[in-house]
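To convert, count from 1 in the sequence shown and add 108; that's my numbering. Glycine included, each C-beta is placed from N, C-alpha and C at the ideal position. All values derive from a computational prediction rather than experimental measurement.
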Amino acid sequence: MPIKIPRDLPAHDVLTEENIFVMEDLRAASQDIRPLRLAVLNLMPTKITTETQIIRVLSNTPLQIELTLLKMATHESLNTPEEHMAAFYRTFDEVKEERFDGLIITGAPVENLEFEDVDYWDELREIMAWSKKNVFSTLHICWAAQAGLFFHYGIKKYPLSSKMSGIFTHRVLVPEHPLLRGFDEEFKAPHSRHTEVRREDIEATGKLDVLAESDEAGIYIVASKKRRLFFVTGHSEYDAETLALEYKRDLARGMEPHVPNHYFPNDDPSKKPLNTWRAHANLLFSNWLNYFVYQNTPYDLAKIEEIK
């Protein structure tokens with residue numbers, strides 16, 4: 109997929125070396141088509157790594173995308189250079205008068221906090237409320253999935269006895285749903301979280317469908333019945349070594365983490381992990397883009413109807 113990004117964004121050179129098609133903004137401006145307007149609200153501390161991961165999994169369809177990277181104005185990023193944030197990121201105040209075909213909200217390492225105790229919670233609530241009127245479809249990832257389920261439907265999160273970390277097998281529950289089109293009946297995906305949402309709370313709303321789950325990791329994909337809000341509790345966008353880096357980081361902090369499940373060969377952290385979920389990740393994001401953004405968004409974004 110030709111994703112329109114600035115030439116000097118770090119992801120450009122990384123993905124070009126991987127033989128992934130990205131399009132510089134000058135070339136995109138010469139094409140007589142309307143690209144999909146997609147915003148990514150990046151809540152992860154390692155902004156450059158996460159933006160590269162997201163762009164990579166958006167790169168598997170023929171659709172042209174105009175990407176806008178968003179940051180929280182009420183939270184200072186301590187792990188990304190200020191010049192990078194100033195050059196490539198916009199705040200909500202800068203885009204709130206605009207409309208987008210799609211929005212992705214990433215995870216964030218704040219799961220052990222109550223939602224209201226997160227320093228940017230009020231701003232995130234404002235963004236999620238705005239998205240109901242100004243974005244056609246929103247995809248929430250990991251903590252953002254839990255935050256979105258809480259904001260839109262009042263669904264609580266529950267603490268786990270230990271961190272859910274590893275690569276887990278999932279079952280497709282609604283094979284006829286377009287988001288799962290082309291999926292194997294069982295597939296793998298990474299999880300990295302300390303909390304969970306529960307099926308009984310989701311079903312009690314009467315407004316959501318559980319599309320995929322894992323015997324070990326629990327609920328994985330949830331969709332609104334109106335098919336405009338999607339919630340993914342794992343991290344299918346992760347690189348092969350992301351969980352290894354998290355594990356080593358936690359070891360260095362003296363946290364005594366357990367070895368991620370089903371991840372290192374023979375559960376040996378000295379061995380290089382393999383990416384066994386890449387095909388699923390590409391399919392998940394391309395299905396969302398195609399069937400729930402491109403195929404349904406009005407050409408005139410001013411005609412987006414509010415999500416009720």
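Here M152 carries a coil assignment [DSSP, helix/strand/coil].
A residue is called buried once 16 or more other Cβ atoms fall within 10 Å of its Cβ, and L359, having fewer, is exposed. Short of 8 Å from the beta carbon of Y197, and not among the five residues preceding or following it, lie these beta carbons of its own chain, in chain order: N150, K155, L177, L178, K179. Where I415 is concerned, there is no enclosing beta strand (DSSP E), because DSSP gives it neither an H nor an E. In terms of Cα proximity to D209, the closest of H120, L247, K264 is L247.
Around the beta carbon of Y266, a 10 Å sphere encloses fewer than 16 other beta carbons of the protein chains shown; the residue is thus reported as exposed.
A Cβ-Cβ separation of about 7 Å places I249 in contact with I213 under the 8 Å criterion. Take V148, set aside five residues on each side of it, and the residues of its chain with a beta-carbon closer than 6 Å to its own are I162, L177, I212, in chain order. For R336 against I415, the beta-carbon gap comes to about 5 Å, under 8 Å, which counts as contact.
Nearest neighbour of H260 by Cα position, chosen from T277, I310, N220, turns out to be I310. Of the other Cβ atoms in all chains shown, 16 or more fall within 10 Å of the Cβ of S394; this residue is therefore buried. The alpha-carbon of D116 is positioned some 47 Å away from that of A312.
Counting along the chain, the unbroken alpha helix (DSSP H) around L392 starts and ends at 386-395. Assignment of G256 by DSSP, reduced to helix, strand and coil, places it in the helix class.
In terms of Cα proximity to N220, the closest of N383, F200, V330, K264 is K264.
Here V330 is not near L281, since their CB atoms are 8 Å or more apart. Your pair H278 and A320 checks out as a contact, with CB atoms roughly 5 Å apart and the cut at 8 Å.
Residue pairing of T246 in beta bridges, as defined by DSSP: L211, L337.
In the displayed model, Y266 falls within a strand according to three-state DSSP. For V330, the secondary structure class from DSSP, reduced to helix, strand or coil, is strand.
In this structure, T182 lies away from D225, with their beta-carbon atoms at least 8 Å apart.
For H299, the three-state secondary structure derived from DSSP is strand. Taking 8 Å as the cut-off, the beta carbon of H366 is found closer than this to the beta carbon of S270.
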